[in-house]
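Below: one structure, written as structure tokens.
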Amino acid sequence: MKTMERKYKIVCFDLDGTLVDDTIFIWQTLHEYFGTDQTTRKKLAEKFFGGKISYAEWAGREIEEWKRKGADRERLLDAISALKPMKGAVETIEELKKRGYILAIISGSLSFVLDKIFPDHKNMFSDILINELDFDTDGKIISSRFTEYDMENKALGLSKIAEHHNVTPEECIFVGDHNNDLQIASAAGFSISFNSKSERLNEIADEVVKEKDLRKILEIIP
Ligand SMILES: [Mg+2]
138 MKTMERKYKI
148 VCFDLDGTLV
158 DDTIFIWQTL
168 HEYFGTDQTT
178 RKKLAEKFFG
188 GKISYAEWAG
198 REIEEWKRKG
208 ADRERLLDAI
218 SALKPMKGAV
228 ETIEELKKRG
238 YILAIISGSL
248 SFVLDKIFPD
258 HKNMFSDILI
268 NELDFDTDGK
278 IISSRFTEYD
288 MENKALGLSK
298 IAEHHNVTPE
308 ECIFVGDHNN
318 DLQIASAAGF
328 SISFNSKSER
338 LNEIADEVVK
348 EKDLRKILEI
358 IP
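Letter by letter, the sequence shown follows residues 138 to 359 in this note's numbering.
This is how it looks when you write it as structure tokens:
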């Protein structure tokens, strides 16, 4: 194992598949639950990846598809009822805080997932960049704010958070699990590929943790 100087100030996490277990991408989990039309979904993804529509438009139209299938707060929570914190996540977060790190999340997931799985997240993480949904008192989805920092733009999110704390991305550690974490892993001073589904991420990361227990990163991070 590499020895690591204590030059890092921030530990930034991905959410789906990293801090939250039993989903790879929450969007996929929700589409499966609501049984939304695969062809429509595929077309929207092609439009986004082909640069024809923005991320916000893509996300907004996907949510419209769920709404058509009756999505509201109650059903969204039912859809994620099997999800849980990654093994060792809470202890790892507490220990990293004890060691003096600033903790952050940069995710393309949805805020209600974070609220459900880590109800105390406001006391755990200083900075959270994620998609947000608002519900009315009946649980109807009434508005949304989509993140500007998913996929390759997660790296921009890291710069933004680093700047907010007066440090550089070089002084940040990133922990993630998939292809949407490639750019942010490269931008961070140190990166850990955890519970990875991406060969590419394993190749570019400074360390790879195969065992599905987040506490393993405590042996790498000083
Ligand atoms: Mg992930």
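No residue lacks a Cβ here, since even glycine has one placed at the ideal position from N, Cα and C.
Span of the beta strand (DSSP E) around R282: One-based indexing of the sequence shown puts residue 282 at position 145. That run of the beta strand (DSSP E) goes 278-282.
Bridge partner(s) assigned by DSSP for I310: Mapped onto the sequence shown, residue 310 falls at position 173. DSSP output for I310 lists V148, F327 as bridge partner(s).
Buried versus exposed, by CB contacts within 10 Å (16 or more), D318: On the sequence shown, position 181 is the one that residue 318 refers to. Buried is the call here.
Simplified DSSP assignment, three categories, for V227: As a position in the sequence shown, residue 227 is number 90, starting the count at 1. V227 falls in the helix class under three-state DSSP.
From C149, D159, Y145, residue whose alpha carbon lies closest to that of N332: Here residue 332 refers to the residue found at position 195 when the sequence shown is read from its first residue. Comparing Cα-Cα distances from N332 to each of C149, D159, Y145, the minimum goes to D159.
Spatial distance of I243 from L214 (CA atoms): Within the sequence shown, residue 243 is the residue found at index 106, counting from 1. Within the sequence shown, residue 214 is the residue found at index 77, counting from 1. So the alpha carbons of these two residues sit roughly 21 Å apart.
D271 beta carbon near ligand 1 (any heavy atom closer than 7 Å): As a working note, residue 271 is residue 134 in the sequence shown. Outside the cutoff, so no.
R352 vs E231 beta-carbon contact at 8 Å: Working through the sequence shown from its first residue, we reach residue 352 at position 215. Working through the sequence shown from its first residue, we reach residue 231 at position 94. For the 8 Å CB-CB criterion, R352 and E231 do not form a contact.
7 Å Cβ shell around D350 - same chain, five flanking residues per side excluded: Indexing the sequence shown from 1 puts residue 350 at position 213. Close CB contacts of D350 within its chain, under the 7 Å cut and outside five residues either way in sequence, are with K224, G225 (chain order).
Whether E300 touches R282 by CB criterion (8 Å): Stepping through the sequence shown from its first residue, residue 300 is reached at position 163. Stepping through the sequence shown from its first residue, residue 282 is reached at position 145. Not closer than 8 Å, so no.
First and last residue of the uninterrupted alpha helix (DSSP H) at F171: Position 34 of the sequence shown, counted from the first residue, corresponds to residue 171. Its alpha helix (DSSP H) spans residues 163-171.
Euclidean distance between Cα positions of E356 and S280: Locating residue 356 in the sequence shown gives position 219, counting from the first residue. Locating residue 280 in the sequence shown gives position 143, counting from the first residue. Between E356 and S280, the C-alpha separation is close to 42 Å.
Reduced DSSP secondary structure (H/G/I, E/B, other) of I354: Position 217 of the sequence shown, counting from 1, holds the residue named residue 354. It is helical.
Exposed unless 16 or more other CB atoms sit within 10 angstroms - verdict on E363: Residue 363 is absent from the structure shown; the chain starts at 138 and stops at 359.
Spatial neighbours of N339 in its chain, beta-carbon cut-off 7 Å, leaving aside the 5 residues before and after: Start at 1 with the first residue of the sequence shown, and residue 339 comes out as number 202. If we look at N339 and ignore the five residues flanking it on each side, its Cβ neighbours are S330, S333, V345.
Three-state class that DSSP yields for M138 in the structure shown: For the purposes of this step, residue 138 is taken as the residue at position 1 of the sequence shown. Its pLDDT being 48, under 50, M138 is placed unreliably by the model, and the measurement read from it follows with that caveat. Of the three classes helix, strand and coil, the one that applies to M138 here is coil, per DSSP.
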